[in-house]
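Structure first, commentary second.
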Amino acid sequence: MVMPGAAAAAAHRDSGAAIERKARLRLWIRLLRASRFIEGVTRERFKALFNMTLPRFDVMAALYRKPDGMLMSEIARFLIVSNGNVTGIVDRLVSEGFVARSQRNGDRRTSFITLTRRGRTAFAAMAEAHEHWIDELLGGVSARDADQLSAKLKSFRSEWEGEA
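Position one of the sequence shown corresponds to residue 254 (our numbering), numbered consecutively onward.
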């Protein structure tokens, strides 16, 4: 026999869980919308001002952080994309003179990628513009709020990061 008080408590718990699920769903939708909006604006601006795509900028950013260069597989892991995706992007960057490709220890199966001098100069200009665009788009967020949200998202990410 279920006691009325126990049934009410269970219903209340279920209701509370549903409210929490809905709040998390709304948060995800807001994060997704914000991310898509910012990404769309930056894509348009990169194309218009630098004739650059966001994926090519991302590869250059990864290489900028590693001045000694990276293997193609490292770039793919860093950007969470396939090696095939990175190959096409790197091919384009090589043809534009932004990156150089070499074999690692003479092994033709592994490509080592570095930014060229031209690539470093171009990336520095793009990164500065990108920083200003993001500052403009997130101008309503205080530095304190940005730091707190970043810390929360970082801790959240660490909870599920290894599950994929």
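We put the beta carbon where it would ideally sit given N, CA and C, even for glycine. Everything numeric in this text was worked out from a predicted model, so none of it was measured.
Under the rule that 16 or more other beta-carbon atoms within 10 Å means buried, what is residue i, buried or exposed?
i: Val343; result: buried
i: Gly372; result: buried
i: Arg277; result: exposed
i: Arg309; result: buried
i: Asp400; result: exposed
Determine the direct distance from the alpha carbon of residue j to that of residue i, and round the result to whole angstroms.
i: Glu273; j: Ile282; result: 14 Å
i: Phe303; j: Leu406; result: 31 Å
i: Lys311; j: Lys275; result: Inspection of the sequence shows that residue 311 is occupied by Asp rather than by Lys. Those two C-alpha atoms are separated by around 33 Å.
i: Gly392; j: Phe376; result: 23 Å
i: Leu307; j: Arg318; result: 17 Å
i: Glu389; j: Leu285; result: 19 Å
i: Arg330; j: Ser395; result: 32 Å
i: Glu349; j: Met379; result: 15 Å
i: Ala417; j: Lys300; result: Because the pLDDT at Ala417 is just 46, under 50, the model does not fix this residue reliably, and the value given afterwards should be weighed accordingly. Between Ala417 and Lys300, the C-alpha separation is close to 32 Å.
i: Gly322; j: Ser335; result: 18 Å
CB residue i to CB residue j, shorter than 9 Å?
i: Ala315; j: Leu332; result: yes
i: Ser364; j: Arg357; result: yes
What distance in whole Å lies between the Cβ atoms of residue j and residue i, which are believed to be in contact at a cut-off of 8 Å?
i: Met313; j: Leu368; result: 6 Å
Using only alpha-carbon positions, find the residue among the options that is nearest to residue i.
i: Arg289; options: Ala396, Thr340, Ile366 and Ile387; result: Ile387
i: Glu297; options: Ala382, Ala377, Leu391 and Gly322; result: Ala382
i: Pro320; options: Val334, Thr374 and Glu292; result: Thr374
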